[in-house]
Structure formats: C-alpha cells, structure tokens
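A.B. asks: In mature numbering (1 follows the signal peptide of the UniProt record, and there is no 0), the protein residues as written are -22 to -1, 1 to 121. Using N, Cα and C, we set each Cβ at its ideal position, and we do this for glycine too. Every value quoted in this text rests on a predicted model; they were computed, and no experiment measured them. Here you go, one structure.
Written as structure tokens, this is what we have:
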C-alpha cells in the first residue's frame, strides 16, 4: 500500500513539474535596474512569460552576464546582467556557454523551471522530484 501511495504522490509531482502553466522568469537588465545584478533578484523583477505580446512560445529562462572590458563608443568598461524569458533552445537548453570577441565576453545560461534564472539553488520541490525519479527507477529494477 505504501508503494502505491508513494507512486501516486510522485506522479502528482511529475504532473505539477511538467504542467501546462506558463513559464515565469526574472526579467531585467542591470544597466537599467542595478537590482538585476544581485545574487537573489527581488520579486519585483519576476515576470510571467505569457504576458509578452510578441507571441513566441517561451520555453526557458535565460541569464546573460556580459563583460565589456574597455571603453567602447564612449561607454565605460562594465559588467551587465540580463535576465529574460527565452525560446531559442538550440543545443544549450539547460546549460551555459561562453562567447567572446574584441573587447568583451558573455556567459549565457538557460534553464527550464520557474525563476531559475535567479540564484542557483536546489529548491525542495526539485530535490523531491529527483528523489521520486530515483525511487521509481529503483522500484522498477527491484520488480
């Protein structure tokens, strides 16, 4: 009985994790709002990606850390953080990659859960989700 109950709870968690609700991300640019560069951005910077009028189907959150190494076009060297909803998954969904060029570089990270483009952490729901997956796998092997 306890295995069945655990299986039902895990399925409910899976459905909740992969539900049809729209994605929510932090959206900001530290050049405009310095709070964007904070490790834990404030709730005021949270956005429901479905509120965009462009009509794109947003599938991930993105955080870009952009370093401008020296003065360009009269702007001083600085570091900016840009957080947004994203849809261009290419080969980097859920990963980070770096790009560099003359005078600057970027680190672009994408992720697929609500507000994941804030500080990196393991929320209790994510830990429970992965525990359930592991338990289901172990149960299927034992049977």
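Please identify the residue among 111, 23, 60 and 54 whose C-alpha is closest to the C-alpha of residue 8.
C.D. replies: To locate residue 8, count along the chain shown from 1; it is residue 30. Cα-wise, what sits closest to residue 8 is 60.
A.B. asks: Take residue 72 and list the residues in its own chain whose beta-carbon comes closer than 8 Å to its own, dropping the five residues that flank it on each side.
C.D. replies: Sequence index remark: in the chain shown, residue 72 carries index 94 (1-based). Same-chain partners within the cutoff: 38, 88, 89 and 90.
A.B. asks: Over the uninterrupted beta strand (DSSP E) stretch that includes residue 28, give me the two end residues.
C.D. replies: Counting from one through the chain shown, the residue named residue 28 turns up at place 50. Premise fails: residue 28 is in no beta strand (DSSP E) and is neither H nor E.
A.B. asks: For the putative contact between residue 85 and residue 74, defined by C-beta atoms under 8 Å, what is the C-beta separation to the nearest angstrom?
C.D. replies: As a position in the chain shown, residue 85 is number 107, starting the count at 1. As a position in the chain shown, residue 74 is number 96, starting the count at 1. Yes, residue 85 and residue 74 are in contact; Cβ-Cβ is about 6 Å, under 8 Å.
A.B. asks: When you compare only the Cα positions, how much space is there between residue 26 and residue 42?
C.D. replies: Counted from its first residue, the chain shown places residue 26 at position 48. Counted from its first residue, the chain shown places residue 42 at position 64. Whole-angstrom Cα-Cα distance: 19 Å.
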